Structures are given as C-alpha cells and as structure tokens.
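K.L.:
The structure that follows is given in the form of structure tokens.
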Amino acid sequence: MAEKESSKLLKYMPFTSLIEPTFWHKFCDLKLEVDKLNEKERFLWGYYFKEYNNPTLSLNCSSFNNEYENHTNSLCAHGFHVNKNTVEAFKECDKQILLQQYGQYFRENIISGKALNDPSLLVTFILLTFADLKKFHFYYWFAFPASLKTFTNLCCEPVNMSSLFTTEQIKNIFQSHASLSYSQKGFFGIIHIGDMLHVCTLKEIVQHLNSEKKNEKSYIGFVDPNSEELNPGWPLRNLLYLLAHYCPESMFGSEIEVICLRKLESSIVLTLQLSDNVGDQSEKFVGWEKNQRGKFGPKFVDLSETMDPIKLAERSVDLNLKLMKWRLVPNLDLSIIQSTKCLLLGAGTLGCSVARSLLAWGVKKITFVDSGRVSYSNPVRQSLFTFEDCKNGGGFKAEIAAKALSRIYPGVDASGVVLAIPMPGHGLADVENINPLQKLISSHDVIFFLTDSRESRWLPTLVAAQQGKIGITAALGFDTYLVLRHGISRDESYTNKLGCYFCNDITAPGNSSADRTLDQQCTVTRPAVSVVAASIAVEIMVSILQHSSRGSVGVDEPTCLGPIPHSIRGFLSSYSCIQPSTSAFSQCIACSSKVIKEYEDDRMVFLKKVLENATYLEDLTGLTEMHKATESTE
C-alpha cells in the first residue's frame, strides 16, 4: 500500500543553474570597486524560459540591474547573492541556516500578499559564492527555496491540453497569456465561462476560488520550464504552497487541475490533490542544487582559460591596484593615473626603471625619447634590454624599450622616438629636432627628465615650464641620487612656485662631454641607486596626481598618499636622505619669466643663440652681471 501511494506522489524537476561569463565579469568589477570587503547580500535578477530539456535558471551581467531586463519570452526570478571574502568562510557558512533564512523571506512574501500582487516572487534563488579574483576562479552554490512539506498526489496520468480544449480555445489561452505583464506571466488562472476561457492573474484566480463562484470550472496555470511529462518544473511547488495558504477550502480534500504551459503542442494538464500539512511556522525549506557529480556541493568555474589573455592581464594589473582602495587608501584615484600620458626623456638606466614602475601603476601611455643604441654594457643595468638587442651594433634604445614594455604588458600604448635633444653649447647639429620635441612635450601630461647630462635637460625643462607640464627630474651620482619635481605656477606669472632642476645653478649648462676621460663620460654609479631614484620619481608623480592642484601643489599640502616633498637627495654611503625645498630662482636659466618670454617672442632665434653659445643665457638672466658684482666685491 505504501509503495502504491509513493508512486502517486508528484515529483518536481528542480532548476539547473547557468551563469554566463558576463555575470562574473560584472561581479568582479562590483567587488573591486564597490563592495570591497563588504559581505552584504546583493539582490539579483534571474531568468528562465518555458519547456527546456533541462529547466534552467540563468544569470548574466544584467542580473545586477535595478530593473529586470526583459528577455524575449523569458520569465524573471528573484535572488540574493551572498559572497564570502575567503574560501574558509565559504566552506564554513551554514548552508541550512542560510536556506531557512531566505526560505522565511519567501514565506513572508506569501503571507504579506506581495507574491499575490507579483507572482514572480514565487521563483526565488540564493547564490552563495567565493571568488579568487587573482586566478579568476569562482566557487558557487545555488539554492531554490521550497517548503519541505509541499506534498502533492498525482491523481491520474497527465493529459495533453489538446484533449481538453479545442484548437481555438488553446489559441485563445496562449494569446491571452502573452498579453499579461512579465511579472504576471509565470503564474495565472483560467476560468471557464460558457464556451469561453478567461485567462486571469494569480490574484484574480485566488479571489475566484474564495468566492461564491468557486464551483465554476477553473484551472491553475504556470509556465513550466520542464519538458518531462510526469515531472512539472520547480515553480509549481511554490505555487501550490501559496494556494494552500490562500485557498485551503478549495485546495484540501478536492482535486485541482493545473495547466503546465509549455510549447503549443506539449502543454499538459495535471489533476492533483494536496496534503494538509503545509504552512506551519516551524516548517523547513529545501532546495540546494546538486553539482556536476550529482552530489550536494558547490560548483567551480575557471574563467582564466576562456578569457582573452590581454584582457586577463589587464584585469590582473588592475586587481592589485584596486585592492589598495579596500583598506589602505580608499580615496586613491586610479583613473587619473591610468589616463596620464608620460614622456620619458632617456631610455637608459633610469628610463627603464621608471617605465617598469609606471606599468605597475597602470599607466597606459608611455613614450620614450632617446637617440642612443643598446650596447653590451647596458642589459645588466637597464631592465628592458637583452643580450640580443646589443648585436649588430645595437638597436635604438627608445624603440626596443617600447617593444619590451608591450611584451611585458600588451595593454600598454608604448612608443619609442629616436631623437637627439638639442643642447646648449653643442651647436646647431640637432636644431631640426626642436619642433618634434616641443610637440612631444605638448602631447603628454608628465615629463620625466632622465637623461645623463645636465645640458640635455635644459630645453625640455624650458618647454615643460612654458607649457605648464608636470616635470620630474631624476639624476644620479656614484652613491647619491636626486629626485626633484619642477614647480608650476598657479597663474601665468611664473612666480610663487617651487624651483626647477636649474634654479640652484648660477651658470649656464655647457658641453659636459668634451675633454672627459672614459670614467667621466660613462654614468658610473652603484647599480641599485638608479632603481631607488626611479621608484621615488614615479611615486612622486602618483602623489602629485592625487591632489587637485596637480603640479602646483605645495610641500605642506596633504594628499591621500601623504605630503609631497619638492626634492629628495639620497646618500647611499650613509643610507640617508634629505628633503630640501627651494623656491624658483628669478634668474633661472630655464624657468624664469625672462627666459620663457624670450622663448615665446622669437623661439627659433632665441634657441639658436643658446645652442651656439650657452653663456647667452647668463647674459639674458643677469647672471653675468651678478658674477661681475661678486668678483668686484671680492
């Protein structure tokens, strides 16, 4: 006897979850940018369709929207996303307590009447996740809450709709159902009035079943996501639970007919009888999904294998940066850093190290300027070059450095310009490079002065000062280094600003390579000094960008990364550094108003004079007179 009754018990086909990759991409963005360490739940939209071979509830990037994005012929489901920050918390989370918690939420929606007004609330789900954002590994487990006590007997074999209704009536049912709103389509009613079938909302059929007209022929209907004849989809289980609550007299002790609306030719009608043990306060809920092995447990997806490697690299670079904002620097503006265009004048020891640090900060646009070639002494000190780059006379440093950056991180826009910088006292050999250099400085936001001679920094310093660009100098001694940010005036007066690299000089730069021995011509430094200086130079740039005043920020003005010194002088012999700050020199040979005005008035004439005779700068700025006055005093 027990076996016979068991055979009549109606069994429901549970949902199978399907998460599209776009969901995980959107979730990653929200986790990094918005939620961070917060483990609060998020509301989600899910969607499903009628009559799949396997009833499937799907999520995609639109699942996070505030409003449901109505897919063609889809029905919506309401869900909650609970993400844990660690895999241990994911494993230790009490799944039964979680299911009971959201099961009670589902039950309250029925008791309060919300589910009557919006029947889509009958299809609910829970998504419990842990995301390893470094590896793009995702662990997840779905639950579709339903009452454990929703027992229903199947009174007879299911019948096809075509055996109960005429072709015209079936056509009328489908057309009337299509006119319902998306929140009402999942669950509905049909009232037989004469020869006509009236499709109504769930709330209307409940009112009908509780009215004096309840003896009129009627049907309960739902959109069935399953295609198996004997096993309706999971949504019916929750529909019957609602009807047991609102229509107990009609539901218990009598047979009810349920239309499982599928495709036109395969929709069926079930004749059911409910047990009378649903709805008590202590009831339990079931609904955890089985994994791929058919066991109760989480599923796993590895998106790293399906992602574009370049996009994967880009997300991985951004990950480490965005994690800074979780606890350490919440106000860090990463977008301004990533959009900053950096010009590196010099692709040698300093240039290579600066470029690598810029990459680590997510800078997307880096341009090298250098006229030198890679020599055999370079690769061990200059991190973007290899032994192969030295062969056949060596390739141009600027071009090879740019290609090396792109190999390290394909998402960077790196380019190399082979160009000799015109220098005071070196003659007019490189005068044709003046205009290209000016255009390069004009098209970038931050200029790094990383060349190995004083005079090669002069023209770029002047042009950057005239254009109001952020300029940062890094210079090396044997066991010392200097990193200095060039001051920018807050107005067009070129006053009240910090000094530039030349503001402490009282002589014009000359030809420093003439009459020099080999050890004086080469940059002879302790090897790690360049790495220290380059790192500080990049960190100063990042700090400058965090202040609204950018390059004109004062040394005492705070940023989210701390105050920004004007200059840092380091001494490796004593492992110490100092942070001197000096104002701009009114007679500076590079950034003073006199020099900038002369440059603006007649650019080429002025520059040719300086290139041929560097002392012209001393005459122009009054340094010559100052020297004479000093000599006469002595």
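Offset between the sequence shown (1-based) and my numbering: plus 5.
Virtual Cβ for every residue (Gly too), placed ideally from N, Cα, C.
Quick caveat: nothing in here was measured; it's all calculated off a predicted structure.
Return helix, strand or coil for Gln443, following the three-state DSSP convention.
P.N.:
helix
K.L.:
Exposed or buried, which one is Thr77 when buried takes at least 16 other CB atoms within 10 Å?
P.N.:
exposed
K.L.:
Would you report the Cα separation of Gln525 and Gly556, rounded to the nearest angstrom?
P.N.:
Unreliable placement is indicated for Gln525, whose pLDDT of 46 sits below 50; no coordinate value is reported for it.
K.L.:
Leaving out five residues before and five after Leu37 in sequence, what residues of the same chain have Cβ atoms less than 6 Å from its Cβ?
P.N.:
Close CB contacts of Leu37 within its chain, under the 6 Å cut and outside five residues either way in sequence, are with Lys327 (chain order).
K.L.:
Kindly indicate the opening and closing residues of the beta strand (DSSP E) around Leu202.
P.N.:
201-206
K.L.:
Let me confirm a value: Arg462 is counted as buried when at least 16 other C-beta atoms fall within 10 Å, else exposed. Which label applies?
P.N.:
buried
K.L.:
Three or more C-beta pairs closer than 8 Å, one from the segment 478-489 and one from the segment 553-569: is that the case here?
P.N.:
Touching, no, given that fewer than three Cβ pairs across the two stretches are closer than 8 Å.
K.L.:
For Arg608, report the span of its alpha helix (DSSP H) as first-last.
P.N.:
608-617
K.L.:
Looking only at its chain, what residues have a beta carbon closer than 6 Å to the beta carbon of Leu566, apart from the 5 residues adjacent to it on each side?
P.N.:
Ser548, Gln551
K.L.:
What do you reckon, are the CB atoms on Phe193 and Cys205 nearer than 8 Å?
P.N.:
yes
K.L.:
Quickly, what does DSSP pair Phe392 with across the bridge? List them, please.
P.N.:
Paired residues: none, contrary to the question.
K.L.:
So, using beta-carbon positions, are Ser358 and Val536 closer together than 8 Å?
P.N.:
The answer is yes: Cβ separation under 8 Å.
K.L.:
Alpha carbon to alpha carbon, what distance is there between Pro570 and Glu562?
P.N.:
Within the model, the alpha-carbon separation for Glu562 versus Pro570 is close to 10 Å.
K.L.:
Thinking C-alpha only, which one of Phe576, Lys502, Ser581, Asp606 is nearest Ala589?
P.N.:
When only C-alpha atoms are compared, the closest one is Lys502.
K.L.:
Measuring straight from C-alpha to C-alpha, what distance separates Asp435 and Leu424?
P.N.:
9 Å
K.L.:
Between the beta-carbon of Thr91 and the beta-carbon of Cys161, is there less than 8 Å?
P.N.:
no
K.L.:
Rounding to the nearest angstrom, what Cα-Cα distance links Tyr17 and Phe141 in this structure?
P.N.:
Tyr17 and Phe141 have their alpha carbons spaced roughly 34 Å apart.
K.L.:
Taking the alpha carbon of Ile642 as the point to measure from, which residue in Arg459, Gly473, Ser79, Leu622 has its own alpha carbon closest?
P.N.:
The first residue shown for the chain is 6 and the last is 639, placing residue 642 beyond what the model contains.
K.L.:
Can you find at least 3 beta carbon pairs, one from the segment 362-376 and one from the segment 394-406, that sit closer than 8 Å?
P.N.:
yes
K.L.:
Assess contact between the segment 149-157 and the segment 104-121, defined as three or more Cβ pairs (one per stretch) separated by less than 8 Å. Is contact present?
P.N.:
In this structure the segment 149-157 lies against the segment 104-121, because at least three pairs of beta carbons, one per stretch, are closer than 8 Å.
K.L.:
So which of Cys81, Ser321, Ser272, Gly398 has the shortest CA-CA distance to Leu62?
P.N.:
Cys81
K.L.:
Alpha carbon to alpha carbon, how far is Phe85 from Leu132? Give it in angstroms, no decimals.
P.N.:
Each residue's Cα considered, the two are about 6 Å apart.
K.L.:
Nearest by alpha-carbon distance to Gln471: which of Ile601, Cys347, Ala407 is it?
P.N.:
Ile601
K.L.:
Which runs of the alpha helix (DSSP H) fall wholly inside the segment 398-446 and span at least 4 residues, in chain order?
P.N.:
As summarised for the segment 398-446, the continuous alpha helix (DSSP H) elements at least 4 residues long and confined to that stretch are 402-413, given in chain order.
K.L.:
Considering Cα atoms alone, identify which of Lys295, Ser411, Met546 is closest to Leu339.
P.N.:
Residue Met546 is the option with its Cα nearest to Leu339.
K.L.:
Arg320: which of Asn65, Lys13, Gln189, Tyr414 sits nearest, CA to CA?
P.N.:
Tyr414
K.L.:
Distance, Cα to Cα, Thr522 vs Glu460?
P.N.:
Low local confidence applies: a pLDDT of 45 at Thr522 is under 50, so the model's placement there is unreliable, and no value is given.
K.L.:
For Gly421 versus Ala352, is the C-beta distance shorter than 8 Å?
P.N.:
yes
K.L.:
Taking the C-alpha atoms as reference points, what is the distance between Tyr251 and Asp99?
P.N.:
32 Å
K.L.:
In whole angstroms, what separates the C-alpha of Val164 from that of Lys13?
P.N.:
16 Å
K.L.:
Our contact map puts Ile426 next to Thr456 with C-beta atoms below 8 Å; I'd like the distance itself, whole angstroms only.
P.N.:
7 Å
K.L.:
Let me confirm a value: Thr129 is counted as buried when at least 16 other C-beta atoms fall within 10 Å, else exposed. Which label applies?
P.N.:
Buried, by the Cβ-count rule.
K.L.:
Is Asn114 helix, strand or coil when you go by DSSP?
P.N.:
helix
K.L.:
Might you give, ordered along the chain, the residues of its own chain that have their beta carbon closer than 6 Å to the beta carbon of Ile341, omitting 5 neighbours on each side?
P.N.:
Leu550
K.L.:
Sort out for me which residues DSSP pairs Glu262 with in a bridge.
P.N.:
Under DSSP, the beta-bridge partners assigned to Glu262 are Thr276.
K.L.:
Counting only the same chain and skipping the five closest in sequence on each side, list residues whose C-beta sits under 7 Å from that of Ser22.
P.N.:
Leu62, Phe147, Glu294
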